[in-house]
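Line order of the protein sequences matches chains A and B. Numbering of the first sequence is given in this note's numbering, commencing with residue 248 and proceeding in unit increments. Numbering of the second sequence is given in this note's numbering, commencing with residue -18 and proceeding in unit increments.
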Amino acid sequence: MFLSEVASVGGYFYLVPLVVFFPVAGLLINLIFGGKFSEKLIGWVACVAPGLSFVLAVLLGISLVGHPEGVTVPFVDWIKLGELELPWAFRVDTLSVTMMLVVSGVGTLIHIYAVGYMHEDVRHNGDPSRYRRFFVFFNLFIAMMMILVSADNYLMLFVGWEGVGLCSYLLIGFWYDKGKDGIGNAVAGKKAFITNRIGDFGFLIAAFLMFWYFKSFNFDVIVAKAPEVAAAAPGVILAMTLFMLLGVTGKSAQLPLFVWLPDAMAGPTPVSALIHAATMVTAGVYLVARSYSLYVLVPQAQNWVAIVGGVTALFAATIAVGQFDIKKVLAYSTISQLGFMVAAVGMGAFVAGMFHLVTHAFFKALLFLSAGSVIQGLERGHHAVEHDPLLRKRLKSEHHFDPQDMRNMGGLRNRMKTTFWVYLIGALALAGIFPLAGFWSKDEILAEALHLNPLVYWLLTIAAFFTAFYMGRQIIMVFFGEPKSEPSAQAQESPAVMTTPLVVLAGLSLVGGFMNLPFIHTFTHWLEHTIHLEEVEAAAEATPSYVVGGLNLIVAGISLGLALIAIAIAYYFYTRRAADLQKVPANKRPDDPLRGVLGPAFSVLEHKYWVDEIYWAVIVNPYVAISRFLAEKVDWAFWHDFFHEKIIVGGYNGLVWLLSKPIDTSFIDGIANGLGQGVQELAAAMRKIQSGFVRNYALSVFIGVVVIIGYLVLQLR
Amino acid sequence: MLPVYYYVALSAILFIIGTLGVLIRRNAIVVFMSVELMLNAANLVFVAFARYYQAMEGQIFVFFVMTVAAAEVAVGLALIVAIFRTKQSINVDQINTLKG
């Protein structure tokens, strides 16, 4: 479709390149002129950029109401190589605009929050000059995410895919000189990048397979050709989807490549909220939803995706129970919720997966930002305590105060009222309590899972139980009870620039689920224009009596009941039992009431099933050992010392010796010298004839004459 | 009339005597005279065969030879005089400056 045709469709479709342009402009302004800007101006520029993108996304959404089938807006010719013609074109349909709205909407809120958060963070970490750098990276991230979601082909999507990975790396290592041993954060960034690289390898292989069999990267072409190729070569589609699954496990932090996401919490909290919870990590879910036409052709791949998602959801949810770092709990929760989404899109419930993606973006961004607010509240409290000579004496240890450790918190609901309420809303939404956002989306996934893949249904239901439990545990540890440290007792609420986005996100978490209410199914109908699934509709027709308007009452009842039970258990453990434990002497008291009950099992959870250690033992250490062997033995000792020094240099020297001594000196010089010498010897012999005696000459003449005449005489005869 | 081989035999004897003189004698003047003897031995054969064949070419050739011999004697004697002036000797064995 040409640009003129796009214009003739009407609406605002032709404006779509601007969704990428605005964040790029924002980052360029801050990059080039930001050095002279005040913090306030940098913040304004950085927030307006995604804000304008959001406005555009809304306009695109409005335009789509008239043309729900969507359009492709060509922008420039990108690659022309032989039979490959790849334009840089923007795909505007209900799926991509949904992602654009989430990315720019939640992104803008997080940008606003970050203006306040980073103001304190750069001072707390002691380098205010990095304020600008943060927002440059942040805008770059929005631009890359927009490229990812607006792509109309897999290669362009890959550009965004790698771009967001780069931003993730840059922002995890934002305080690259901090962390364990002064390199902890840099190591975390590296870990994220390398782990994602393994996933990207899968993505690339899938893309190459696509080009080989479809001769195109274009989504529409692949959708159209998929059944034909599947009939001709079914194994190819399976390989393609499974390699793509590897990419998904990398980017969306699924088993076995999830290990980078908890470490990614080393980045500033807005980064965790935007990149490692709300948007970037959902790229894998988006990718599977985008490729739905491939996945529906191979049930085997669908099954694998669903099981990976389900197992990850449960696995990560259990780990979250044993964590003490407020952000680590949320990180494992994110992995778990991503597992829900991946399982959903894996078993074919693409709409449910996307629905959960959207609601999760709301409440997980909210939770992370609130956690950031809590952390800074504690830092402010710590600051106040340190500067108060009376309170200072009550500090247990001066240097090792961890504002992220939930064991240092408690009772914050009185000190940080706004944060407490929004956190509570986020936690309840995540736990799936009616009628908050998480309830609707999670229930939709579970209801689909029940008839699509019962095994995954049970995995997810148990995971949902743990979700409610660890969120209850976190809320009680952080906000209820008595303050467990002096900074926590002195914690101060965050400024309005931080709490306002929290309130907006809390509102979205409250009502976000109404996008896809039973009976109405606005979101389903919205996405149906892009994701055409006949079988789901067929399944919806044959509904049992307990399914009312698409809402499976039994599933909803079970999950809601389990969530409430889990919260009740958490309440019992962390208020009653914690109170009982106060009687135990402090040195024998377990730091977590659950540890007293679960014993070693809790340690297993606290140490994340030792997955990192297993990876170190199984992959990293052997890899390092192999690298070391290759570097020291093969490369240095063999190639350098032996092959280069001995064989090549020795061989060269030998060859040079051979050329110089026997060939040049002996043979060639021998010829030249021998020639000269021979001439000399010949001359020496000849000169004896030249005796100088005339009579000798005369004799020679005489003999010559005699010979010639003799010859002639004999001849004549 | 004497048969022609008498003349040829005499001429051969004269030529051999001349040759031996050139090869054996050391006095440059004697060598020179021996060369003359050889030339005249050749002349004798020319004349003898001219007469024998009743052809004039041989006799004409003799005149040429005598002319050349006269010129040669002039040059040769001049050389011998010049050598004698530098070397105080006309012994050809002492004139070996061109030895290689």
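The beta-carbon is built from N, C-alpha and C at its ideal position, and this holds for glycine as well. Quick caveat, the model's predicted, so the values are computed rather than measured.
Residue i: buried (16+ other C-beta within 10 angstroms of its C-beta) or exposed?
i	result
A/ALA785	Any answer about A/ALA785 is weak, because its pLDDT of 46 lies below 50 and its placement is not dependable; what the coordinates show is given next. Exposed: under 16 other Cβ atoms inside 10 Å.
A/ILE676	As written in the sequence, residue 676 of chain A is Ala, which differs from the Ile given in the question. That one is buried.
A/THR998	In this structure chain A extends from 248 to 964, so residue 998 of chain A is not present and cannot be described.
A/LEU807	buried
A/GLU330	exposed
A/GLY202	Residue 202 of chain A falls outside the range modelled here, since chain A spans only 248 to 964, and no answer is possible.
A/GLU788	Reliability of the predicted coordinates at A/GLU788 is poor, the pLDDT of 48 falling under 50, and the value obtained from them is presented with this limitation in mind. Label assigned to A/GLU788: exposed.
B/THR48	exposed
A/LEU333	buried
A/ASN661	exposed
A/PHE301	buried
A/PRO270	buried
A/ASP368	buried
A/THR714	buried
A/PRO734	buried
A/TRP994	What the structure shows of chain A is the stretch from 248 to 964, and residue 994 of chain A is not part of that stretch, so it cannot be assessed.
A/HIS358	buried
A/PHE766	exposed
B/PHE45	exposed
A/SER351	buried
A/SER732	buried
On the DSSP bridge assignment, give the partners of residue i in chain order.
i	result
A/PHE337	A/VAL320, A/ALA398
B/ASN72	B/ASN8
A/GLU332	A/LYS327
A/ASN834	None, per the DSSP bridge assignment.
A/ASN465	A/ASN400
A/ASP572	A/ASP652
If distances are taken between C-alpha atoms only, which option among the options comes closest to residue i?
i	options	result
A/ALA803	A/THR442, A/PHE712, A/ASP859	A/PHE712
A/GLY281	A/ALA864, A/GLU691, A/ARG377	A/ARG377
A/PRO650	A/GLY939, A/VAL669, A/ILE622, A/ILE309	A/ILE622
A/LEU311	A/ASP324, A/SER343, A/TRP325	A/SER343
A/GLY685	A/PRO832, A/ASN386, A/GLY673	A/GLY673
A/LYS472	A/LYS427, A/LEU485, A/ILE522, A/LEU541	A/LEU541
A/VAL555	A/LEU485, A/LEU502, A/ASP572	A/LEU502
A/GLU230	A/ILE778, A/THR565, A/GLY719	Nothing in the structure corresponds to residue 230 of chain A, since chain A is present only between 248 and 964.
A/GLY412	A/VAL605, A/MET392, A/THR345	A/MET392
A/ASN655	A/VAL669, A/ILE573, A/ALA930	A/ILE573
B/ILE(-6)	B/ALA50, B/ALA52, B/ALA22, B/ILE64	B/ALA22
A/TYR533	A/ALA477, A/GLY679, A/VAL349, A/LEU417	A/VAL349
A/LEU800	A/PHE681, A/ALA486, A/VAL406	A/PHE681
A/THR581	A/THR606, A/TRP886, A/HIS366	A/THR606
A/ALA578	A/ALA872, A/VAL295, A/MET718	A/MET718
A/GLY569	A/LEU485, A/TRP857, A/LEU671, A/ARG934	A/TRP857
A/MET527	A/VAL353, A/ASN943, A/GLN962, A/PRO730	A/VAL353
A/ASP324	A/PRO315, A/ALA336, A/ALA567, A/GLY313	A/ALA336
A/LEU616	A/VAL703, A/MET745, A/ALA567	A/MET745
A/MET403	A/ARG338, A/PHE876, A/MET365, A/TRP705	A/ARG338
B/VAL73	A/ASN700, A/HIS523, A/VAL941, A/PHE849	A/VAL941
Should residue i be flagged as near chain E, meaning a C-beta pair shorter than 7 angstroms?
i	result
A/PHE269	No chain E is part of this structure, whose protein chains are labelled A and B.
| query | Any residues in the stretch 1 to 32 of chain B with a beta carbon nearer than 7 angstroms to a beta carbon of chain A? Which ones, in chain order? | reply | So the list reads VAL3, LEU4, given in the order they occur along the chain.
| request: Could you run through the stretch 927 to 947 of chain A and flag, in chain order, every residue whose CB is less than 7 angstroms away from some CB of chain B? | output: Taking 7 angstroms as the Cβ-Cβ cut-off against chain B, the residues of the stretch 927 to 947 of chain A that qualify are ARG934, GLN937, SER938, GLY939, PHE940, VAL941, ARG942, ALA945, LEU946.
| query | Are at least three pairs of beta-carbons, each pair with one atom in the stretch 736 to 748 of chain A and one in the stretch 583 to 590 of chain A, less than 8 angstroms apart? | reply | Counting C-beta pairs with one atom in each stretch, the stretch 736 to 748 of chain A and the stretch 583 to 590 of chain A have fewer than three that are closer than 8 angstroms, which means they do not touch.
| field | Residues from the stretch 50 to 80 of chain B in contact with chain A, defined by Cβ distance under 8 angstroms | value | Listed by position along the chain: VAL73, ASP74, ILE76, ASN77, THR78, LEU79, LYS80.
| message | If the cut-off is 8 angstroms on Cβ atoms, which residues from the stretch 898 to 918 of chain A count as contacting chain B, listed in chain order? | response | So the list is empty, because no residue satisfies the distance condition.
| said: Assess contact between the stretch 372 to 389 of chain A and the stretch 542 to 560 of chain A, defined as three or more Cβ pairs (one per stretch) separated by less than 8 angstroms. Is contact present? | reply: Verdict: no, contact absent.
| said: Tell me whether the stretch 464 to 481 of chain A and the stretch 505 to 525 of chain A touch, counting them as touching only if at least three CB pairs, one residue from each stretch, are closer than 8 angstroms. | reply: Verdict: no, contact absent.
| request: Could you say if the stretch 683 to 698 of chain A and the stretch 754 to 770 of chain A meet the contact criterion of at least three C-beta pairs nearer than 8 angstroms? | output: Segments in contact, yes.
| field | Inter-stretch contact (C-beta, 8 angstroms, three-pair minimum) for the stretch 744 to 753 of chain A and the stretch 614 to 628 of chain A | value | Yes: the two stretches touch, three or more of their Cβ pairs being nearer than 8 angstroms.
| Touching or not, the stretch 903 to 919 of chain A and the stretch 944 to 958 of chain A, by the rule of three or more beta carbon pairs under 8 angstroms? | Counting Cβ pairs under 8 angstroms, fewer than three are found: no touch.
| query | Can at least three beta-carbon pairs, one atom from the stretch 27 to 46 of chain B and one from the stretch 55 to 71 of chain B, be found at a separation below 8 angstroms? | reply | Remark: fewer than three beta-carbon pairs, one from each stretch, lie closer than 8 angstroms, so the stretch 27 to 46 of chain B and the stretch 55 to 71 of chain B are not flagged as touching.
| said: Under 8 angstroms: do the stretch 449 to 456 of chain A and the stretch 481 to 496 of chain A share three or more Cβ pairs, one atom per stretch? | reply: Contact between the stretch 449 to 456 of chain A and the stretch 481 to 496 of chain A is present, with at least three C-beta pairs closer than 8 angstroms.
| Can we say the stretch 8 to 15 of chain B touches the stretch 33 to 47 of chain B, given the rule of at least three CB pairs closer than 8 angstroms? | Look at the beta carbons and you see the stretch 8 to 15 of chain B not touching the stretch 33 to 47 of chain B: under three pairs across the two are nearer than 8 angstroms.
| query | Taking three-plus beta-carbon pairs below 8 angstroms as touching, is the stretch 770 to 780 of chain A in contact with the stretch 597 to 605 of chain A? | reply | Yes, they touch.
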